Amino acid sequence: MADCEYCGESFDGEGAYLDHLADAHDGELGAIDRRRVNEHTGSDDDGDLPVGPIIIGVVIVLAIGLAAYATQLSGGGGEGVEADGIEASSLASSGDSELLADVQQFPNRGTSHVQQGTDIDYERVPPLSGTHYASTTDAGFYEETPALGSLVHTLEHGAVIIYYDPDTISPEARESLREFASVHTGTWQSVVVAPNPNDDPRAPYVVTAWQHELTMDSYDAETVHAFLSEYLGRGPENPVR
């Protein structure tokens, strides 16, 4: 005869008693009773967290972290793109003069508005100033070029617009530019990335601000960051930096 220490019920045999413990008191069992029940039922569950899966999970997480760190040290393996988080890093008060040595400045072609949809003949494409629509373009990475009239107004707001050649953009550059566009989304300091509207672009990457342009034959995230530090948020309509 076996008496249950948890509820006082009596049982004729050990097997019946252990079955009762498993069915009625599974969440109350101490370590010894748990072991007895497990031996009786053939279970290896001792009530503790499974150590094996935890160790495996920790090893996987560490391996992923080490791989990511190695990628950062190696610069990501493509076209000067460094996976070091520069896209999300704070902007400096001004850009590195060496990185921006090839920036060109062009005359201001005006700020007048025309009705949405009006055909605007820009002297230079992509345009850096001039007549434009009342609408602007939201920050983001675009697979199709938004209306130039809206893009020019966005430049006036202080945006930086980066044009890429869809035929030559690298996967690494695409990812980096997406990150820049996702970080800088303010009304007066946004980043817009769009395909170059020219059939034969001057360069694979053309970085623009109001009246300013920088071309890049190969993508470099540090140069883009320097350009943003120098020009983002400093458009003529409402400078915020």
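With UniProt numbering applied, the sequence shown covers 1 to 241. Backbone N, C-alpha and C fix where the C-beta goes; we use that ideal spot for every residue, glycine too. Keep in mind the model is a prediction, meaning the values are calculated, not measured.
With the rule of 3 Cβ pairs closer than 8 angstroms, the region 98-111 does not count as touching the region 174-185. Per DSSP, the unbroken alpha helix (DSSP H) holding residue 176 starts and ends at 171-183. Only residues of its own chain outside the window of five on either side were considered, and among them 91, 95, 160, 180, 184, 191 have a CB closer than 8 angstroms to the CB of residue 228, listed in chain order. By the criterion of a C-beta distance shorter than 6 angstroms, residue 40 is surrounded in its chain by 18, once the five residues flanking it on both sides are discounted. Close CB contacts of residue 141 within its chain, under the 7 angstroms cut and outside five residues either way in sequence, are with 177, 178, 181, 193 (chain order). Residue 230 carries a helical assignment under DSSP once its states are collapsed to helix, strand and coil. Contact check for residue 214 and residue 102: beta-carbon distance about 6 angstroms, within the 8 angstroms limit, so the pair qualifies. Secondary structure of residue 207 (DSSP, three-state): strand. In the same chain as residue 234, and ignoring 5 residues on each side of it, the C-beta atoms closer than 7 angstroms to its own belong to 158, 241, in chain order. Nearest Cα to residue 106 within the set 88, 130, 4: 130. Residue 139: not part of any beta strand (DSSP E); DSSP gives it neither H nor E. Straight through space, the alpha carbons of residue 219 and residue 163 are spaced by roughly 11 angstroms. Beta-bridge partners assigned by DSSP to residue 213: 104, 208.
Counting other Cβ atoms within 10 Å of its Cβ, residue 208 reaches 16 or more and is therefore classed as buried. Around residue 132, the same chain offers 149, 152, 153 as residues with beta carbons nearer than 6 angstroms, after the five sequence neighbours per side are excluded. Around the C-beta of residue 136, 16 or more other C-beta atoms lie within 10 Å, and the residue is accordingly described as buried. Between residue 42 and residue 221, the alpha-carbon positions lie close to 60 angstroms from each other. In the DSSP annotation of this structure, the continuous segment of the beta strand (DSSP E) that includes residue 162 starts and ends at 160-164.
CA-to-CA, the gap between residue 23 and residue 87 works out to about 58 angstroms.
Cα atoms of residue 212 and residue 119: separation of roughly 23 angstroms, rounded to the nearest angstrom.
Residue 190 has 185 as its beta-bridge partners, per DSSP. Per the coordinates, the alpha-carbon of residue 93 lies some 26 angstroms from the alpha-carbon of residue 127. For residue 149, the uninterrupted alpha helix (DSSP H) run begins and ends at 148-156, by DSSP. Counting C-beta atoms within 10 angstroms of its own C-beta, residue 225 has 16 or more neighbours from the protein chains shown and is therefore classed as buried. Distance between residue 116 and residue 210, taken at the CA atoms: about 20 angstroms.
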